[in-house]
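Shown next, in structure tokens, is the structure this report addresses.
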Amino acid sequence: MKQRITIEVYNIKWESEFNKLQTLINDVMEDSILSIEHVGSTSIKGLVAKPVLDIDIVIEDYGVFPKVVTKLEAIGYYHQAEWSYKGREAFGRKDAFVPWDGESSDWMEHHLYVCDKESEELRRHIAFRDYLREHEDVAVEYGRLKEELARESKNRASYSESKTAFITNILEKIN
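Just so it is clear: in the sequence shown, position 116 is 115 by numbering that gives the first Met the number 0, and no numbers are missing.
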């Protein structure tokens, strides 16, 4: 059975939702992190996207990782070791109200990662985001591909896998 992939036209609220999450997480982290990056398709103005924010928290090195995990757990995130790999640690949300802010906010769906500043995955995320922001024609082409794949893919995994060649091609141009 085909799993529906939801793609939406760019929505300005994605940026404001990221900004709210960034502010709350920054406040909790204090000086434990270097930055919080909005990556993925929702970070590109005008690009169609699954309405899910991708957020990379950047740390100096893995020496601070346990402290960051503790702070994220305090606001309702949990480490998803099975979705993590070298240089990029994935975090899930215990419920729709995570990050807990004391006000029962229902946050936009988001994927949260903690990345070492030297992480290859972080470098790829930022390079791809910045390239699409600077090359509107390529972003339009990528958007068309995403719409086509959303219609034709059987599930999220095949949708994501089918974008790989396009992304790899762009990253090779950058390097």
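Heads up, the beta-carbon is just placed ideally off N, CA and C, and yes, glycines get one too.
query: Output needed for Val63: all residues of its chain with C-beta closer than 7 angstroms, excluding positions within five of it in sequence on either side, in chain order.; result: Ser31
query: In chain order, which continuous runs of the beta strand (DSSP E) of length 3 or greater are located wholly inside the segment 48-134?; result: 52-58, 76-78, 87-92 and 109-115
query: Would you identify the three-state DSSP class for Glu146, choosing helix, strand or coil?; result: helix
query: Where DSSP assigns a beta bridge to Ser157, which residues make up the other side?; result: DSSP, once it has assigned bridges, lists no residue as partnering Ser157.
query: Going by DSSP in three states, Glu16 sits in which element: helix, strand or coil?; result: helix
query: Here's the rule I'm using: 16 or more other beta-carbon atoms within 10 Å means buried, otherwise exposed. How should Gly101 be labelled?; result: exposed
query: How would you call Ser152, buried or exposed, if buried means at least 16 neighbouring beta carbons within 10 angstroms?; result: buried
query: With DSSP collapsed to three states, give me the class of Val27.; result: helix
query: Given a threshold of 16 other Cβ atoms within 10 Å of its Cβ, counted over all protein chains shown, does Ile11 qualify as buried or as exposed?; result: exposed
query: Give the secondary structure of Val38 by DSSP, where H, G and I count as helix, E and B as strand, and everything else as coil.; result: strand
query: Using 10 angstroms around the beta-carbon of Pro98, count the other beta-carbons present and answer buried if the total reaches 16, otherwise exposed.; result: buried
query: Name, in chain order, the residues that DSSP records as bridge partners for Glu176.; result: Outside the displayed range of the chain (0 to 174) lies residue 176, so it cannot be described from this structure.
query: What residues are listed by DSSP as bridge partners for Glu7?; result: Ala48
query: How many Å lie between Glu133 and Glu119 at the Cα?; result: 21 angstroms
query: Go through its chain and collect everything with a Cβ distance to Leu33's Cβ below 7 angstroms, but skip five positions before and after it.; result: Val57, Ile58, Glu59 and Lys116
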